[in-house]
Amino acid sequence: MLDNIIKGKAWIFGSDIDTDVIIPGKYLRTTDMQALADHAMEGIDPEFSKKVKKGDVIVADDNFGCGSSREQAVLALKYAGVACIVAKSFGRIFFRNAINVGLPLMEADVQCSEGDEVEIDLLQGTVKVNGKVFHGNKLPDFLLEMLTKGGLVAQRKAKKNSQ
3 MLDNIIKGKA WIFGSDIDTD VIIPGKYLRT TDMQALADHA MEGIDPEFSK KVKKGDVIVA
63 DDNFGCGSSR EQAVLALKYA GVACIVAKSF GRIFFRNAIN VGLPLMEADV QCSEGDEVEI
123 DLLQGTVKVN GKVFHGNKLP DFLLEMLTKG GLVAQRKAKK NSQ
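In terms of this note's numbering, the sequence shown has 14 at position 12, counting the first letter as 1, and numbering is strictly consecutive.
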């Protein structure tokens with residue numbers, strides 16, 4: 003289930019972080035979510051999976067998740083413990099894959115340093131860091147509802163079970 007307020011330590015990444023560095027291709031054949039998590043961001047920071055803690059937040063520049071349509075990139079981050087990704091912009095397919103698996107994200111231009119405490123309010127579309135408030139793009143209600151249910155599959159299952 004999704005919390006409307008997400009608080010976590012910031013991990014900073016730049017622009018054009020593609021799915022190949024989020025989860026390198028040699029790990030795509032596994033269906034073991036822990037194996038994916040163990041190699042999250044390996045292409046850019048080989049130690050990331052050892053340092054990231056459950057509830058941490060990725061803050062990035064433009065075009066985070068560009069490249070291929072591999073859903074494993076989103077799954078690797080989710081199972082590594084990343085609670086939310088904030089970026090100036092996202093690769094289109096990565097954005098939808100994140101929503102589909104229940105990983106919250108927000109488009110916002112946030113200025114912070116690695117290790118800063120970041121507070122994301124998904125309902126308001128804001129990010130607070132060091133007393134400053136950054137306004138982002140609030141997700142449409144239907145996507146927030148999908149995230150609240152845990153993603154597309156969980157939402158569909160819940161709907162089917164309620165009929």
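Ideal Cβ positions, reconstructed from N, Cα and C, are used throughout, including at glycine.
Limits of the beta strand (DSSP E) - the one that residue i falls within
i	result
Asp-22	Premise fails: Asp-22 lies in the alpha helix (DSSP H), 21-24, not in any beta strand (DSSP E).
Leu-77	Segment 74-82 is the alpha helix (DSSP H) holding Leu-77; no beta strand (DSSP E) there.
Lys-53	No beta strand (DSSP E) contains Lys-53, which is instead part of the alpha helix (DSSP H) from 50-53.
Gly-117	Run containing Gly-117: none; DSSP gives neither H nor E here.
Met-43	From DSSP, Met-43 is part of no beta strand (DSSP E); its letter is neither H nor E.
Residue of the options minimising C-alpha distance to residue i
i	options	result
Val-120	Ile-25, Thr-150 and Gly-57	Gly-57
Gly-10	Leu-30, Gly-152 and Glu-116	Glu-116
Gly-67	Leu-154, Leu-146, Ala-12 and Thr-21	Thr-21
Lys-80	Phe-144, Gly-69, Phe-96 and Ser-91	Phe-96
Val-129	Cys-86, Asn-65 and Gly-69	Cys-86
Ala-37	Asn-6, Ala-78, Leu-145 and Gly-27	Ala-78
DSSP-derived helix/strand/coil call for residue i
i	result
Asn-139	strand
Lys-161	helix
Thr-128	strand
Val-155	helix
Met-35	helix
Met-148	helix
Lys-56	coil
Asp-123	strand
Gly-27	helix
Whole-number beta carbon distance between residue j and residue i, since they are thought to touch under 8 Å
i	j	result
Val-112	Val-88	5 Å
Leu-124	Met-148	Actually they are not in contact, since the Cβ atoms of Leu-124 and Met-148 sit about 12 Å apart, beyond 8 Å.
Gln-74	Leu-30	6 Å
Val-2	Ile-60	Outside the displayed span of the chain (3 to 165) sits residue 2, for which this structure offers no information.
Cys-114	Ala-42	20 Å between Cβ atoms; not a contact.
Ala-100	Val-76	5 Å
Local Cβ density within 10 Å of residue i, reported as buried at 16 or more and exposed below that
i	result
Asn-2	The structure shown does not extend to residue 2, since the chain is modelled only from 3 through 165, so no value can be given for it.
His-137	exposed
Lys-159	exposed
Gly-16	exposed
Arg-72	buried
Val-54	buried
Host alpha helix (DSSP H) of residue i (start-end)
i	result
Ile-101	94-103
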